[in-house]
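Here the structure is laid out as structure tokens; the discussion comes afterwards.
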Amino acid sequence: MSYSWKWFRAGRMQQVSLKCGADVAALAELDRKQWIALSMPTTGVRFDLRMLELMDTDHDGRIRTPEVLAAIDFLKAKNVDFDSLFTAGEAEEKALADVTAKQADLAALAPSDADKKALADWEAQGKTPEVAVAGDATADANAALAAVEPVVDAFFLPPEDMPLVTEEADKVLPLKDHLNPKHLEAILAFAEKCVKPVLGEKDSLTRMEWKKVKGAFAAYRAWVAAKPVMNAGKKGELDDEERVLRYRLHLVEFLENYVNMRRLYDLKELAVFQTGTLRIDAKEMNLCFHVESEAAHSALVEKSNCCVIYLKLSRPSEGATRQICAVVTAGAVAQLYVGRNGVFYDRDGKDWDAVITKVVEAQVSLAEAFWAPWRKLGEGIAAAVKKFLGDKQAAAQKNVEAGTQNAQAGGAAMASSVAAIGIGVAMVGSAAAALMAAISNMTALQIAISIVALILVVSLPSVILTWFKLRKRDIGAILNACGWAINRPMRFSMKRARAFTICAPCRICRVVCWLVVVLAIIGVALWFCCPCTKECKASAENPAPAPATEAPVAEAAPTPAN
1 MSYSWKWFRA GRMQQVSLKC GADVAALAEL DRKQWIALSM PTTGVRFDLR MLELMDTDHD
61 GRIRTPEVLA AIDFLKAKNV DFDSLFTAGE AEEKALADVT AKQADLAALA PSDADKKALA
121 DWEAQGKTPE VAVAGDATAD ANAALAAVEP VVDAFFLPPE DMPLVTEEAD KVLPLKDHLN
181 PKHLEAILAF AEKCVKPVLG EKDSLTRMEW KKVKGAFAAY RAWVAAKPVM NAGKKGELDD
241 EERVLRYRLH LVEFLENYVN MRRLYDLKEL AVFQTGTLRI DAKEMNLCFH VESEAAHSAL
301 VEKSNCCVIY LKLSRPSEGA TRQICAVVTA GAVAQLYVGR NGVFYDRDGK DWDAVITKVV
361 EAQVSLAEAF WAPWRKLGEG IAAAVKKFLG DKQAAAQKNV EAGTQNAQAG GAAMASSVAA
421 IGIGVAMVGS AAAALMAAIS NMTALQIAIS IVALILVVSL PSVILTWFKL RKRDIGAILN
481 ACGWAINRPM RFSMKRARAF TICAPCRICR VVCWLVVVLA IIGVALWFCC PCTKECKASA
541 ENPAPAPATE APVAEAAPTP AN
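So the sequence shown is residues 1 to 562, counted in our numbering.
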């Protein structure tokens, strides 16, 4: 019989509820389409790193769904009460500290005779030419290879649409010149410690030579991985005990950031990928993510329909730097520009200097959408006035310069400019007079209705369009850019948006909004309650008949005298 799941709604979707041990034990039966995440990286998150290391059984730096289920199966094999996962606390913390101390003592314990012999055989194998490719410096050479391996693999990786046969020459990696300064030192060390012992002196490296160098160190890497473990039996027992305790302490928290996203949508808690709080532009943003590569991340984050700012963090006292991105979900973004400074507080309470390096723009609030048309109108008017005055100033300057040669022509041109300005002022005055005349003929009700109608005509379309855009914002696309495999869209409400980005209260905006509301209420009240309005309605529905025109009375003819 299938398990009876309970659900809760958050992010405009139904998510599975994990409230008891039976829910966790039955996760293997949950449809994979209902899981929020399918895989996640082990870096860039605020979580117990040792537990992530234990869960990552293939050591590829990612946690996938089968590995999550394997952790649950491990607890079942150890006969752990799954309800204890929800009540673990100080006792488990103390037991974990004891196990960690025992592991440290075990590492210092002298190995047995059998372990000593296995270790001696292993060390002897490491001195063979097949393993010690670079002699005694093989360990350093392998470290130099590991330092450049990802970037060199990416350099030689052919594009997916590359045909079987191509006329283009194969890539060649220079080892001394034309290198990115960011990788120059590592490439030079690689050339000296790895390429030289295997291929001799080289100024460049082909694809096949790169594979040959990597292959030369394959035996050494296999030898390192096969190092015998001292006191393996006791160590295995302690490792299993540590795994049980860490799972009891942290597995529920992990599942609430993987199977569902309760920690994200709970206003009192933080998700594992929320790295801290950014304070900038009278805002406090707590939806901040770790970023490895700004270029690669920003290319994907546009799919989220969110406004995202990228920042470079630094702590001069420690010489540390890092990159993050912050999602702006409320307020306005007009004052968030490249180069603006702020302060970032990580989850450990450390403060970092933050400077904006890139802004991915998008609408963030209905209030911003309401004022956007008026802001554009003001900017357009200001630009037109600036252009008009600039043109006139340039023309006047030109006429003054020409006046030294032809005073009469310059005087005429100056008079023409003054006349043009006078005409413009007269036109503005005439328009203002016409507007005032129209207003003077309107009742208070008509004025109020006209103001409200004007505001709605200008701002309402922008507000409606922004409302639809805000409903499409998806945190899942941002997590996807961070390396997560998110299975379902992760929307958020207006209330949660204001919790992600907390803005300082703006009194001017409140006053204007209340003024608009008051005008609308007054207009409606006058329309339905004002006596003059009722009389106007009645006169419009029953117009008074036009007064009858009396026919002229013909004068009586004079009576003739007898």
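The beta carbon of each residue, even a glycine, is placed where N, CA and C say it ideally should be.
Cα-Cα separation, residue i to residue j
i	j	result
Arg262	Phe47	16 Å
Arg248	Arg62	21 Å
Lys313	Phe344	In the sequence under discussion, the amino acid at residue 313 is Leu, which differs from the Lys named in the question. Taking the straight line from one Cα to the other gives about 8 Å.
Lys537	Trp467	For Lys537, the pLDDT reaches just 48, beneath the cut-off of 50, and the residue's location in the model is therefore unreliable, leaving the point undetermined.
Ala326	Trp352	14 Å
Ala104	Glu292	33 Å
Asp161	Ala477	25 Å
Thr533	Gln393	Legend: pLDDT at Thr533 = 48, less than 50; position of this residue unreliable, no value from coordinates given.
Trp5	Glu368	41 Å
Glu123	Ala225	13 Å
Leu264	Asn480	16 Å
Ala219	Asp474	46 Å
Ala120	Ala320	41 Å
Ala296	Met230	43 Å
Lys376	Leu255	47 Å
Gly410	Ala402	Reliability fails at Gly410, whose pLDDT of 48 lies under 50, so the model's placement of it is uncertain and the value that follows must be treated cautiously. Each residue's alpha carbon lies about 6 Å from the other.
Leu96	Thr277	30 Å
Leu27	Arg246	19 Å
Glu29	Glu67	15 Å
Arg347	Thr275	6 Å
Gln408	Ala434	The predicted position of Gln408 is uncertain, since its pLDDT is 48 and thus under 50; a value taken from the coordinates is nonetheless stated next. Between Gln408 and Ala434, the C-alpha separation is close to 39 Å.
Met13	Phe492	10 Å
Asp60	Ile324	23 Å
Arg64	Asp58	10 Å
Where the beta strand (DSSP E) through residue i begins and ends
i	result
Pro41	37 to 41
Arg62	62 to 64
Val566	There is simply no residue 566 to check, as the chain begins at 1 and stops at 562 in what is shown.
Leu54	Note, Leu54: premise wrong, no beta strand (DSSP E); alpha helix (DSSP H) at 49 to 55.
Gln15	13 to 16
Ala10	7 to 10
7 Å Cβ cutoff met for residue i and residue j
i	j	result
Cys482	Phe289	yes
Leu311	Ala354	yes
Arg243	Gly342	no
Lys234	Leu49	no
Ala372	Ser462	yes
Val99	Glu241	yes
Leu251	Leu85	yes
Leu175	Asp203	yes
Gln15	Asn257	no
Ala10	Trp484	no
Leu336	Ile309	yes
Ala362	Asn305	yes
Gly126	Trp223	yes
Cys307	Val338	no
Val24	Phe82	yes
Val272	Val45	yes
Leu173	Phe155	yes
Ile502	Glu284	yes
Asp56	Thr43	no
Val333	Val301	no
Leu238	Lys350	no
Ala186	Val148	yes
Ser298	Val360	yes
Ala564	Pro197	This structure gives no information on residue 564, because the portion of the chain shown stretches from 1 to 562.
Where the alpha helix (DSSP H) containing residue i begins and where it ends
i	result
Val359	From DSSP, Val359 is part of no alpha helix (DSSP H) but of the beta strand (DSSP E) over 351 to 360.
Trp223	218 to 225
Val80	Neither: Val80 is in no alpha helix (DSSP H) and is coded neither H nor E.
Phe156	138 to 156
Asp348	Premise fails: Asp348 is in no alpha helix (DSSP H) and is neither H nor E.
Val99	90 to 108
Lys117	113 to 125
Gly21	21 to 25
Min CB distance residue i to chain C below 7 Å
i	result
Val458	Given the protein chain composition of this structure (a single chain), no chain C is represented.
Quiz item: Taking contact to mean at least 3 C-beta pairs separated by less than 8 Å, is the region 130 to 143 in contact with the region 152 to 170?
Solution: no
Quiz item: Which runs of the beta strand (DSSP E) spanning at least 3 residues fall entirely within the region 258 to 342, listed in chain order?
Solution: 276 to 280, 283 to 285, 288 to 290, 307 to 315, 320 to 328
Practice problem: Assess, as a yes-or-no matter, whether the region 29 to 41 is touched by the region 484 to 500 under the definition of 3 or more beta carbon pairs within less than 8 Å. | Solution: yes
Quiz item: Touch check for the region 135 to 147 and the region 185 to 201: three-plus C-beta pairs under 8 Å?
Solution: yes
Practice problem: Any chance you could list the beta strand (DSSP E) runs of at least 3 consecutive residues sitting entirely within the region 478 to 506, in chain order? | Solution: 501 to 503
Practice problem: Report the residue ranges of all alpha helix (DSSP H) runs contained in full by the region 158 to 209; include only those spanning at least 4 residues, in chain order. | Solution: Listed in chain order, the complete alpha helix (DSSP H) runs (minimum 4 residues) inside the region 158 to 209 are 181 to 190, 196 to 199.
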